[in-house]
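According to the working numbering, the sequence shown is numbered sequentially starting from 1.
Where a beta carbon is used, it is the ideal one built from N, C-alpha and C, also for glycine.
Here's the structure, in structure tokens; my notes come after.
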Amino acid sequence: MQIGMNEQAVIAKLGPPKETYDLPDGGKRLMWPTQPMGTTTTAVDLDTSGNTTSVRQVLQENEFYRAEVNKWTRNDVLVAFGRPFETAHFKRMDREVWSYRYMENNIYHMIFNFYFDPQGVLRQTQKQPDPKFDPSLRNRF
1 MQIGMNEQAV IAKLGPPKET YDLPDGGKRL MWPTQPMGTT TTAVDLDTSG
51 NTTSVRQVLQ ENEFYRAEVN KWTRNDVLVA FGRPFETAHF KRMDREVWSY
101 RYMENNIYHM IFNFYFDPQG VLRQTQKQPD PKFDPSLRNR F
């Protein structure tokens, strides 16, 4: 993938995107996730002319830590990372949680969680080991 490639060339190389989002600058983001079991999502940003401006793997810590607590919304997280592999609601906290699988340092299977209040504002983030890969929990999943 090269910066400047047009949308048709990107799709010819990667196939049709599974998710597409409009960006604030008028461009769009194409995504190729491997969730729910995979740990990568390739994102290609296109400018208003349909040319590539960015290609990256977004399910990684340096991308997750761009999320701004008390500022970002569900939509910001959705556009940045795509659909989560899992969502849950914690009644006592009154928080909806979106979870994304990723690899930390290309070694550790992890989950990154985004906690939203009832208005959809990001209030907390958390990372945890992915229990699917914990040998002591293998028979539970």
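| query | If you draw a straight line from the alpha carbon of Gln128 to that of Met110, how long is it in whole angstroms? | reply | 6 Å
| message | Within the continuous alpha helix (DSSP H) that includes Ile11, where are the two ends? | response | Glu7 to Leu14
| request: Kindly list the residues whose CB is nearer than 7 Å to the CB of Gly26, restricted to its own chain and excluding five residues on each side of it in sequence; keep chain order. | output: Thr48
| task | Could you say which of Tyr108, Ile3, Asn113 and Gln60 lies nearest to Thr53 if we only look at CA atoms? | result | Ile3
| request: Examine the Cβ distances between the stretch 88–95 and the stretch 34–48 and report whether three or more of them are shorter than 8 Å. | output: No: fewer than three Cβ pairs fall under 8 Å.
| task | Would you identify the three-state DSSP class for Phe81, choosing helix, strand or coil? | result | Correct three-state label for Phe81: helix.
| request: Can you tell me which of the three DSSP states Asn113 falls into? | output: strand
| message | Among Asp134, Tyr21, Thr40 and Tyr115, whose alpha-carbon lies nearest the alpha-carbon of Arg56? | response | Thr40
| field | Whole alpha helix (DSSP H) elements within the stretch 29–101, 4-residue minimum | value | 61–64 and 74–81
| message | Pull the bridge partners of Lys127 from the DSSP assignment, please. | response | Phe112
| message | Checking the sheet assignment: what are the DSSP bridge partners for Asp22? | response | Lys28
| Length of the line joining the Cα atoms of Lys179 and Ser136 | Nothing in the structure corresponds to residue 179, since the chain is present only between 1 and 141.
| query | Between the Cα of Tyr21 and the Cα atoms of Phe81, Ser99, Tyr108 and Ile107, which residue gives the shortest distance? | reply | Nearest option by C-alpha distance: Phe81.
| request: Pull up the DSSP beta-bridge partners for Ser103, would you. | output: It should be noted that the sequence gives Met, not Ser, for residue 103. His109.
| message | Using C-beta distances below 6 Å, list every residue in its chain close to Met5, excluding the 5 sequence neighbours before and after it, in chain order. | response | Thr52
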